[in-house]
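The sequence shown begins at 21 in this note's numbering and counts up one residue at a time.
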Amino acid sequence: MENSTAPVYEFGPFRLDTGVHNLFRDGVPVPLTPKAFELLLALVEGTGKLIAKEALMRRLWPETIVEEGNLAVTVFALRKALADTSDPPLIETVPRRGYRFNGIVKEIAATTREAESVQSVAILPFKPLVPQEENVLLGFGMADAVITRLSQTEEIIVRPTGAVAPYAAPGQDPIEAGRSLRVDAVLDGHLQREAGQIRVTVQLLRTADGKALWADRFHVALQNLFEVQDSIAEAVGAALIERLSEPSRLRWRKRYTNSPQAYRSYLWGQHYNNQRTLDSCLRAIQCFEEAAATDPHYALAYAGIGDALSWTSHFYLPPAEVMPKARTAARTALGLDERLGEAHCVMAEVKKWFDWDFEGAARHYRRAIELNPGHAYAHLYYAIFRVQMGQSGWESEVAAMLRIDPVSNIALCGGGVPYYYTRRHAEAIDFQSRCLEAVPGFWVAEIMLSWSYEQQGRLLEAASTAEQAIEHSGRSHVCLATLGYCLAKLGERARAEEVLTSLVSSPDGANYSSPYYRALIHAALGNKDEAFSCLQRAVAERAGWLAYARVDPKLDVLRDDPRFDALLRQVGLI
21 MENSTAPVYE
31 FGPFRLDTGV
41 HNLFRDGVPV
51 PLTPKAFELL
61 LALVEGTGKL
71 IAKEALMRRL
81 WPETIVEEGN
91 LAVTVFALRK
101 ALADTSDPPL
111 IETVPRRGYR
121 FNGIVKEIAA
131 TTREAESVQS
141 VAILPFKPLV
151 PQEENVLLGF
161 GMADAVITRL
171 SQTEEIIVRP
181 TGAVAPYAAP
191 GQDPIEAGRS
201 LRVDAVLDGH
211 LQREAGQIRV
221 TVQLLRTADG
231 KALWADRFHV
241 ALQNLFEVQD
251 SIAEAVGAAL
261 IERLSEPSRL
271 RWRKRYTNSP
281 QAYRSYLWGQ
291 HYNNQRTLDS
301 CLRAIQCFEE
311 AAATDPHYAL
321 AYAGIGDALS
331 WTSHFYLPPA
341 EVMPKARTAA
351 RTALGLDERL
361 GEAHCVMAEV
371 KKWFDWDFEG
381 AARHYRRAIE
391 LNPGHAYAHL
401 YYAIFRVQMG
411 QSGWESEVAA
421 MLRIDPVSNI
431 ALCGGGVPYY
441 YTRRHAEAID
451 FQSRCLEAVP
461 GFWVAEIMLS
471 WSYEQQGRLL
481 EAASTAEQAI
491 EHSGRSHVCL
501 ATLGYCLAKL
511 GERARAEEVL
521 TSLVSSPDGA
531 NYSSPYYRAL
541 IHAALGNKDE
551 AFSCLQRAVA
561 ERAGWLAYAR
571 VDPKLDVLRD
581 DPRFDALLRQ
591 VGLI
């Protein structure tokens, strides 16, 4: 792109350069008379709006009285020059009133080659001028769409949606956000909806000094929202990366649905799925299902269903109830789009946690990363998988994840998991402490912190942290089990047994109590027979936590028993 102080407009293959007073199609000049150029400029500036014949005639012939036929002739000549075959046409005639321009117009306000030096970027949620719920969701969706496209390239690091979600509130300083997110630049966007139109302004700001490296304005009919997202992603990529590979261009140009209704449901699903509570996951699944029902070819919606279902099996719902559904959703997504990295990641999770098909899980993890190298959590899940399998090489996957997302609660908490299971507890504690500093009360991090405290012999701190997690999680059973384990290690047998009783007899049917949790408490109490009995129940229920059995420090007391190797063989871990 060229530096210019005069506006330049782009629509489809055309570029209207007001500085040189020329129209180009795919870089080739299109001959226009001065009046045809001025007419096109007037229409483009008013994209999506009806422009009266009288207004156009005054602009083209300001000091001359002309017949309406002169305007009709100029319109005819312009249409011929554009060779337009689109439906609706670029230049629409509104009988007896005037004309309307229907193109997707991008106005290039400023560009610079300095943007090419940017190696990492955060796409902040676009801020609506009127912060109504629907507008906020639209702004979040605009950012998510651009992130989804740009993260599929290896040429630049893009912070994932989960990392930028906390910066959706109005009035936040984008430069400070960029520094917190540790990126070279941020894309700050604003949008306005009015009378069926959407106007979007975006600017790429260098984090170091706040300098605007690039800016655009888009205005289009609301039903053409997807075209705006495509244009923004393409423009941001072109501004950031001069030498984009063709595979990268093809990946980010892919559109997963053309249905605004399905897309809206998908956005709500993403909104709820990021919260990771039982209620939010169930609402996310409902939204994703609505998206898939509206557009049965919407592969991302099926991947969302599978992801939310898989998460519920860890903490909330019986695996045998939800994981087959997650498998079906992932299989459907892959049947629609084999190149969808998110679907491969979900399938890998199903194969690892539920099917115990570890070779299959490895293939899908690698394929997910190959297709979407910017998928931070595919790297994280693959790192955890390698630890569970007793393999080396997991540290490079954690490093890859942290290059993409070094700040979100999921990245920091998840990044500490491999360190815990490889007995590097000081580093595990560092991850969880940083996570809780960023997101106080994040109970998953509190649980992981409690586990590492216990392994370091800091039993009172471990029990206290587990009690905090119980409160913050709404009495999740994994948190109760952690407290029971700590109490057993402290020698408070009666209290530990009370926890065991509560895990068995809890009336909360939606709060799944895995036999694996109870096995840990029995192991800490020295009840080996009961511990193995619970582990056998866990095998029967396909409890996902068994994937950790080979490396879980809390099971070390059982490893000398011949029954333990037999258990690992049942799961396929040896």
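Note that the Cβ used here is the ideal one computed from N, Cα and C, for glycine as well.
Is the separation between the beta-carbon of residue i and that of residue j shorter than 8 Å?
i: V203; j: L144; result: no
i: L43; j: L63; result: no
i: L158; j: L211; result: yes
i: F462; j: L469; result: no
i: A388; j: A398; result: yes
i: Y276; j: L320; result: yes
i: L52; j: A101; result: yes
i: V206; j: P194; result: yes
i: L540; j: A501; result: yes
i: R120; j: K69; result: yes
i: A563; j: P582; result: no
i: H317; j: L356; result: yes
i: W414; j: P393; result: no
i: V256; j: V248; result: no
Starting from the C-beta of residue i, find all residues in its chain whose C-beta is less than 6 Å away, skip the five residues before and the five after it, and write them out in chain order.
i: V577; result: A543
i: D528; result: For D528, the predicted structure reports a pLDDT of 47, less than 50, and the residue's modelled location is therefore unreliable. A value from the coordinates is still provided. Counting only Cβ-Cβ distances below 6 Å, and skipping sequence neighbours, we find nothing.
i: M367; result: A350 and H384
i: Q475; result: H445 and P573
i: E596; result: The structure shown has nothing for residue 596, since the chain only spans 21 to 594.
i: E362; result: A323
i: T84; result: none
i: A448; result: G436, Y439, Y440 and S472
Hey, how far is the Cα of residue i from the Cα of residue j?
i: T521; j: Y473; result: 25 Å
i: F160; j: P344; result: 31 Å
i: R579; j: Q590; result: 15 Å
i: L391; j: R284; result: 25 Å
i: F374; j: I404; result: 15 Å
i: D37; j: R45; result: 11 Å
i: V28; j: I252; result: 15 Å
i: S140; j: A508; result: 47 Å
i: P17; j: C301; result: As displayed, the chain neither begins before 21 nor continues past 594, which places residue 17 out of reach and without an answer.
i: E87; j: R78; result: 11 Å
i: P339; j: C554; result: 16 Å
i: N90; j: L80; result: 10 Å
i: D164; j: V138; result: 20 Å
i: G216; j: G118; result: 19 Å
i: D377; j: M409; result: 12 Å
i: L593; j: L587; result: 9 Å
i: V156; j: V150; result: 9 Å
i: R303; j: A313; result: 15 Å
i: N597; j: Y440; result: Because residue 597 is not part of the residues shown, which for the chain are 21 to 594, the question remains open.
i: Q411; j: L201; result: 31 Å
i: P180; j: F34; result: 32 Å
i: A130; j: L225; result: Low confidence applies here, because A130 scores a pLDDT of 42, under 50, leaving its location unreliable; read the following figure in that light. Near 12 Å, if we compare the C-alpha coordinates of L225 and A130.
i: K73; j: P82; result: 13 Å
i: A516; j: L503; result: 8 Å
i: E512; j: S493; result: 23 Å
i: V498; j: P186; result: 27 Å
i: V50; j: G380; result: 55 Å
i: E358; j: K371; result: 17 Å
i: A483; j: G477; result: 11 Å
i: F584; j: A569; result: 9 Å
i: F308; j: H291; result: 11 Å
Which one of the options has the shortest CA to CA distance from residue i?
i: E341; options: K509, S453, A311 and Y532; result: Y532
i: L245; options: A142, G198, A346 and V125; result: V125
i: Y505; options: S496, V48 and V519; result: V519
i: R213; options: E153, R169 and A165; result: E153
i: L360; options: A516, G66, G477 and T168; result: T168
i: F96; options: F57, A501 and F34; result: F57
i: R423; options: A396, S412 and V571; result: A396
i: T94; options: E417, K372 and P54; result: P54
i: P280; options: K274, Q243 and E196; result: Q243
i: V459; options: A486, L480, S428 and T105; result: S428
i: K147; options: V166, L479, Q192 and T227; result: Q192
i: E127; options: R99, G66 and D315; result: G66
Go through its chain and collect everything with a Cβ distance to residue i's Cβ below 8 Å, but skip five positions before and after it.
i: Q452; result: L432, C433, G436, A465, E466, M468, L469 and S472
i: M421; result: A396, Y397, H399, L400, A403, A431, G434 and G435
From the beta carbon of residue i, is the nearest beta carbon of chain C less than 8 Å away?
i: A539; result: Protein chain content of the structure displayed is limited to a single chain, and chain C is not contained in it.
* If you pair each beta-carbon of the region 316-328 with each one of the region 364-378, do three or more pairs fall below 8 Å? -> Enough Cβ pairs lie closer than 8 Å, so yes.
Taking 8 Å as the threshold, find out whether the region 327-334 comes into contact with the region 539-559 through three or more Cβ pairs.
Counting Cβ pairs under 8 Å, fewer than three are found: no touch.
Pairing CB atoms from the region 105-115 with CB atoms from the region 224-236, are three or more of them under 8 Å?
No: the two stretches stay apart, fewer than three of their Cβ pairs being nearer than 8 Å.
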